[in-house]
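Student: By the count of the UniProt record's numbering, the sequence shown reaches residue 368 at its end, each step adding exactly one.
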Amino acid sequence: MTLAIVDQAERAELAAGTGLTPQAVSKILARLIDDGLVEEVGRRQGARGKPATLYRLRSEKAHAIGIHAGRTDIKGVRVDLGGNVLDTIATPMPAQFTPAQLIDGIASTVEKLVSPQSDSTNPEIVGVGVALPGPVDRTTGVVQGFRWWRDPAATPLLDALTHRLGRHTVMDLSINAALELTAWQRGDQMTDTLYALLDRGVGGALWIGGRLHRGAHMSAGEFGHLVIEAGGPECECGRRGCVEAVQQRALAEGDIARAAAAVATGIANALHIVDVPGVVWSGSDLEAHPEAYAAALAAELQRTLAGGAAYTIHRAVPAEVPHEDCPADLVATGAAVMVLESVYGIPARPGESLDQSLTPEPAEITSR
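(1) In three-state DSSP terms, what is H213?
(2) Quick check: G70 and A336, are their CB atoms within less than 9 Å of each other?
(3) Assign A61 to one of three DSSP states: helix, strand, or coil.
(4) When DSSP labels each residue in this structure, what does M93 get in the three-state scheme?
(5) If I follow the unbroken beta strand (DSSP E) through A288, where does it start and stop?
(6) Would you tell me roughly how many angstroms separate the C-alpha atoms of A298 and V128, rounded to the nearest one?
(7) For A245 versus E253, is the C-beta spacing smaller than 9 Å?
(8) Does the Cβ-Cβ distance between L113 and I89 come in under 9 Å?
(9) What's the gap between the Cα of E320 and the Cα of N84?
(10) L266 to K27, Cα distance in whole Å?
(11) How many whole angstroms separate the CB atoms of G141 and M171, which I take to be in contact at a CB cut-off of 8 Å?
(12) Less than 9 Å between the beta carbons of L20 and L57, yes or no?
(13) Rounding to the nearest angstrom, what Cα-Cα distance links A9 and Q96 in this structure?
(14) Taking just the CA atoms, how far does L37 sit from L14?
(15) Which residues share a DSSP beta bridge with I33?
(16) Thinking C-beta only, is V276 closer than 9 Å to L206?
(17) Where in the segment 237–272 do unbroken runs of the alpha helix (DSSP H), each at least 4 residues long, occur, reported from the N-terminal end onward?
(18) Assuming G334 contacts T191 under a Cβ cut-off of 8 Å, what Cβ separation, rounded to an integer in Å, is found between them?
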C-alpha cells in the first residue's frame, strides 16, 4: 500500500517501495485501475526520456472498520483506503462482561460506523478488523477468556463475529494492530524494530524483515511478561514480578521512576535476545510521563547493552506520525489497517504468487 503513504507516484517508485518488479507493479496497477481504486493523474515532466505516468490512490473508494475491544469500552474507527480516520465512536462496557455482551457491543459499534455517509461516493466497506488483548488461538479463532470476562470459558469469537457482522473479519492482538499501524505510517523507514505499547499495561511485538514476526507460539517480542523481580507483585498471567505487574504496581503507588525503570529493564532484556536496531514505543502511560520513560530507557541501555547509544529510539506519538491527521485510537486504527492489508496487501512471503497476494486472506488470529 505504498500509494497510501505518498500522494502520487510513478511505477518505478512503486516498484522500489514494494520490492516488486516493474512488470508486477504494472499488473497490480491495471487491476486496481479496473476496480476504480487507482487513477492516472498525469505525467512527470522535467526528466530525460518519456515522461513517467503518475498514479494516485482513490482513497475515498473503499473503507474499513477497526475495533479495539478493551476492558472498559469498545473503540471503533472508520478509515479510507489511505488509512485516514474518517469517523470514531466509543461504546462503554460494564466492568465485567460476557462474550455475548462483547459481541453485541462490537456489532453495535460497527453498525453505527457503516451507516450511510453524507457524501455521494458510496464507498465499499471491505471488512472489519478487531483487536483485543487476548489470549486468542490463531488456528481456531477462539478467545480463551479475558480475565475481566464474567464467563472465562473459551469462546469462538471470530466465527461468532463473522456470522454476526456478515463481513470479511480479521482479528489480532492489540499490540500487533498498533505495530501494523506504526509500520504502515513509517513505510520504508520502518527497520527491524522492537515495539512497546504502554497503555494500562505493557505489550511487546517484533517487526523483522518487513513484516510482523510472530514466532512459533505467536508471542515473539512479548517482553511485558518477562520476570524481572523475583517474588514481585502478582501478574494477571499468573506469574509474579513480570514487567507489566511491576510497572502497574509502581504506577498505582505513584512511583513513576520505578515504573519507567521496569519497562526499561524489560526492553533492554528483550534487545539482548533479539538484537534489532530500533525501538518504537507508544501508549497512554508513555504520554503521561515521557521524560521519565525516556531517561530510564537511555540509562538502562547504556548500562546493560554494549554500544547502547547505537539503538534508535522512536516515540510513536502524534508529533511523529507522518500523516497530519493522527488516529483517534491507535489500536482501532491499526485494526482497520489490518483489513486493508489483508485485502490489498502485496506479496511478502517467499514463494507467494502475485495472484495469491491479490486475493483476500483468511482472518489472522494470534495468541498472546
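A virtual CB, placed ideally from N, CA and C, is assigned to each residue, including glycine.
What you are looking at is a predicted structure, and each value in this text was computed from that prediction instead of being measured.
Tutor: From the atom records:
(1) H213: strand per DSSP, three-state reduction.
(2) no
(3) Correcting the residue type first, residue 61 is Lys in the shown sequence and not Ala. In this structure, K61 counts as helix in the three-state DSSP scheme.
(4) coil
(5) Not the beta strand (DSSP E): A288 falls in the alpha helix (DSSP H), residues 284–288.
(6) 39 Å
(7) Cβ atoms of A245 and E253: not closer than 9 Å.
(8) Yes, Cβ-Cβ distance for L113 and I89 is below 9 Å.
(9) Caution is warranted here: a pLDDT of 30 is assigned to E320, below 50, making its placement in the model unreliable, and the coordinate value is therefore given only provisionally. Going from the Cα of E320 to the Cα of N84 covers about 16 Å.
(10) Reading off the sequence, residue 266 comes out as Gly, not Leu. Using only the alpha carbons, I get a separation of about 45 Å.
(11) 7 Å
(12) no
(13) Taking the straight line joining both Cα atoms gives about 49 Å.
(14) 15 Å
(15) Per DSSP, none; premise fails for I33.
(16) yes
(17) 243–252
(18) Their Cβ separation, rounded to whole angstroms, is 19 Å, which puts G334 and T191 out of contact at 8 Å.
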